[in-house]
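Contents: one structure, followed by commentary.
Residue numbers (full-length UniProt numbering): 1 to 181.
Structural data, given as structure tokens:
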């Protein structure tokens with residue numbers, strides 16, 4: 001975690017100035033089954049979240065526009081498991097790399113983020129995590145409208161990255177609407 005914080009700080013200090021665009025992101029989604037990374041299903045879980053992101057660097061290259069964003073997130077998940085209602089709160093902080101294939105921030109894009117997360121409960125559904133602190137990973141595809149609003153589809157994964165065993169992981173998918181200012 002310390003190395004990730006140092007790397008993130010170095011990127012902030014050395015990156016060229018960006019527009020400082022900011023986003024508030026509203027998310028709604030579902031837990032996933034065991035088809036991808038996680039070992040057990042939480043597909044009956046429902047998720048709602050809010051995120052804040054700031055664009056701190058842009059790199060217009062021949063391969064398109066690359067942007068670095070800093071993002072903080074809160075997500076709340078709930079499910080009924082064995083007749084009992086369970087809730088999970090997730091807080092994340094991570095740098096996010098967004099790539100537009102065009103030289104401007106418009107149209108389709110892809111993004112990925114890797115950072116740190118705190119999950120309020122070690123047990124959620126059939127998943128038993130070994131730690132509250134976990135790594136956070138997401139991949140998203142999105143589209144930026146002409147008015148600046150953005151819609152994305154995101155896959156999120158949380159795990160201890162095999163720093164402890166077992167490492168069952170925790171996955172969900174979400175639809176997100178970004179309000180820019």
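Don't be surprised by glycine CBs; every beta carbon is placed ideally from N, CA and C.
Asked                                                                                               : Found
Environment of residue 80 [buried if 16+ CB atoms lie within 10 Å]                                  : exposed
Identity of the residues DSSP links to residue 171 by a beta bridge                                 : 157
At least 3 beta-carbon pairs within less than 8 Å: the stretch 132–139 vs the stretch 153–167       : yes
Buried or exposed (CB count within 10 angstroms, at least 16 for buried), residue 170               : buried
C-beta contact flag for residue 129 and residue 119 at 8 Å                                          : yes
DSSP state of residue 67 mapped onto helix, strand, coil                                            : strand
Cα-Cα separation, residue 18 to residue 48                                                          : Confidence in residue 18 is poor, its pLDDT being 47 and thus under 50, which makes the residue's placement too unreliable to answer from.
Span of the beta strand (DSSP E), counted from its first residue to its last, around residue 27     : 22–31
Distance between residue 41 and residue 30 (C-alpha atoms, nearest Å)                               : 11 Å
Residue 93 and residue 111 closer than 8 Å at C-beta                                                : no
Same chain, Cβ closer than 6 Å to residue 150, five either side skipped, listed in chain order      : 142, 144, 178
Straight-line Cα distance separating residue 71 from residue 95                                     : 6 Å
Option in 23, 46, 78 with minimal Cα separation from residue 52                                     : 23
Local Cβ density within 10 Å of residue 13, reported as buried at 16 or more and exposed below that : Unreliable positioning characterises residue 13 in this predicted model, as indicated by a pLDDT of 49, which lies under 50. A coordinate reading is not provided.
Separation of residue 124 from residue 82, as counted between CA atoms                              : 11 Å
Boundaries (first-last residue) of the beta strand (DSSP E) holding residue 187                     : Residue numbering for the chain in the displayed model covers 1 to 181; residue 187 lies beyond these limits and cannot be assessed.
Buried or exposed by the 16-neighbour rule on C-beta atoms within 10 Å, applied to residue 100      : buried
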